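If you use my numbering, the sequence shown corresponds to residues 50 to 154, in order.
Beta carbons: idealized from backbone N, C-alpha and C, even for Gly.
Everything numeric in this text was worked out from a predicted model, so none of it was measured.
Here's the structure we're looking at; comments come further down.
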Amino acid sequence: EELTYNDLVVVPVVMPQGISPSLEDQLSSIPATCLAFPVGNNWKSVIDDETREAREQGVDVTSEGICIVMKKNGRVGQRTRGIFLGRMVGEVTERREAGMDVSNI
């Protein structure tokens with residue numbers, strides 16, 4: 050519900066391969082309307098670049114995971130160590146409730 054309210058989409062990627070998860074992977078906690086899958090070389094390029102950057106900063110991408118926030122304009126907004134979806138959604142909600150623009154997050 051919060052993902053939909055905040056107009057967010059989750060694109061899960063299996064690491065270290067940087068590929069779409071299989072249908073057997075546990076994705077049931079994410080509403081289908083807020084779930085997309087990485088397709089094409091553009092996704093692979095972004096994932097590879099961000100993974101390389103994270104590793105250079107000392108992140109063990111395979112065991113810790115990373116979360117890449119893509120803005121609606123297609124640019125990377127931020128990258129975080131680990132995956133904290135609830136906190137990220139909460140930050141968008143807080144911005145909206147404070148009257149801040151969330152149209153290009």
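- Item | Sequence-distant residues of the same chain with beta carbon closer than 8 Å to V59, five excluded per side | In the sequence shown, residue 59 corresponds to position 10, counting from 1. Cβ within range, chain order: L52, I79, C83, L84, A85, L134.
- Message: Measuring only the C-alpha atoms, how far is I68 from G123?
- Response: Counting from one through the sequence shown, the residue named residue 68 turns up at place 19. Counting from one through the sequence shown, the residue named residue 123 turns up at place 74. Using only the alpha carbons, I get a separation of about 19 Å.
- Item | Nearest candidate by alpha-carbon position, reference A81, set P61, V118, D109 | Within the sequence shown, residue 81 is the residue found at index 32, counting from 1. Each of P61, V118, D109 was checked against the Cα of A81, and the nearest Cα belongs to P61.
- Item | Selection from V118, D97, M149, R104 that minimises the alpha carbon distance to M136 | Within the sequence shown, numbered from 1, the residue matching residue 136 stands at position 87. The question names Met, but residue 136 is Arg in the sequence shown. Checking every option, the nearest Cα to that of R136 belongs to V118.
- Under 7 Å between C-beta atoms of G114 and G131: Taking the first residue of the sequence shown as 1, we reach residue 114 at position 65. Taking the first residue of the sequence shown as 1, we reach residue 131 at position 82. At the C-beta level, G114 and G131 come within 7 Å of one another.
- Task: Below 6 Å CB to CB, which residues in the same chain sit around E99 once its five sequence neighbours on both sides are set aside?
- Result: Counting from one through the sequence shown, the residue named residue 99 turns up at place 50. Taken in chain order, the residues that qualify are I117, R128.
- Query: Can you give, in chain order, each stretch of the alpha helix (DSSP H) that sits fully within the region 66–111 and has at least 4 residues?
  - Reply: Given a length threshold of 4 residues, each whole run of the alpha helix (DSSP H) inside the region 66–111 is given here in chain order: 90–105.
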